[in-house]
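Under the numbering used here, think of the first position of the sequence shown as 11, with each following residue one higher.
C-beta atoms are modelled at their ideal positions from N, C-alpha and C, and glycine is treated no differently.
Please read the structure below before turning to the comments.
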Amino acid sequence: MTKPQNLFKLSELPMEQFSFIVHLFDRILVGKVDDLQYRELVLALERDEVLEAHFFNKEQEVFAARVKRQLVAYRPLLPLEVVDPTMEILTRCYEIEDNKYSYNTLIVKEYIDYEDDLAYVKQTMLYDLEMRAKQ
Numbered sequence: 011m012t013k014p015q016n017l018f019k020l021s022e023l024p025m026e027q028f029s030f031i032v033h034l035f036d037r038i039l040v041g042k043v044d045d046l047q048y049r050e051l052v053l054a055l056e057r058d059e060v061l062e063a064h065f066f067n068k069e070q071e072v073f074a075a076r077v078k079r080q081l082v083a084y085r086p087l088l089p090l091e092v093v094d095p096t097m098e099i100l101t102r103c104y105e106i107e108d109n110k111y112s113y114n115t116l117i118v119k120e121y122i123d124y125e126d127d128l129a130y131v132k133q134t135m136l137y138d139l140e141m142r143a144k145q
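What follows is the structure, encoded as structure tokens:
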């Protein structure tokens, strides 16, 4: 993980539309900008209740965490440029089990690279939240 960049401010987030997973002292908020959960996120930031947060869309992910009692933002994580034909990008779908959220699936991109014929995950990025039908 990269070093913290500066104090986190929602107004300075480098994306207009995004999903979020935010850990508060007493609960977790999961949603998108247009959801009711977003209002709870804004209130939690005003009350300084956020422990850590992931803000993401298909272009980038921003992580913020509490460091020395302040919420700081880390440099945005951007998709890796695939220049090596051996690099693969896997899309993984994780079920969000708690059904009180509007979304039940977290989409994650994993960038797989190879070194000495051994595969490893070079980077993982949160990608999207979705509501999928239960199977």
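Please state whether DSSP places Gln47 in a helix, a strand or coil. The residue given as residue 47 occupies position 37 in the sequence shown. Looking at Gln47 - three-state DSSP - the assignment turns out to be helix.
Short of 8 angstroms in beta carbon distance, which residues of its chain neighbour Asp94, apart from the five on each side in sequence? Order them along the chain. Here residue 94 refers to the residue found at position 84 of the sequence shown. Only Asp123 meet the Cβ criterion.
Using beta-carbon positions only, say whether Phe18 and Ala74 come within less than 7 angstroms of one another. Position 8 of the sequence shown, counted from the start, is the residue given in the question as residue 18. Position 64 of the sequence shown, counted from the start, is the residue given in the question as residue 74. Their beta carbons are under 7 angstroms apart, which means Phe18 touches Ala74 by this criterion.
Any chance you could list the beta strand (DSSP E) runs of at least 3 consecutive residues sitting entirely within the region 11–37, in chain order? DSSP runs (the beta strand (DSSP E)) wholly in the region 11–37: 14–17, 29–34.
Quick check on Ala54: buried or exposed, where buried means 16 or more other Cβ atoms within 10 Å of its Cβ? What you label residue 54 is simply residue 44 of the sequence shown in a count that begins at 1. The residue is buried, with at least 16 neighbouring Cβ atoms inside 10 Å.
For the beta strand (DSSP E) that contains Asp58, what are its first and last residues? In the sequence shown, counting from the first residue as 1, residue 58 sits at position 48. Element bounds for Asp58: n/a, residue is neither H nor E.
Residues bridged to Ala74 (per DSSP): Here residue 74 corresponds to residue number 64 of the sequence shown, with the count starting at 1. Paired residues: Ala63, Ala83.
I'd like the list of long-range same chain contacts for Lys132, defined as Cβ closer than 6 angstroms, with 5 residues on each side in sequence excluded. Indexing the sequence shown from 1 puts residue 132 at position 122. Answer for Lys132: Tyr121, Asp123, listed in chain order.
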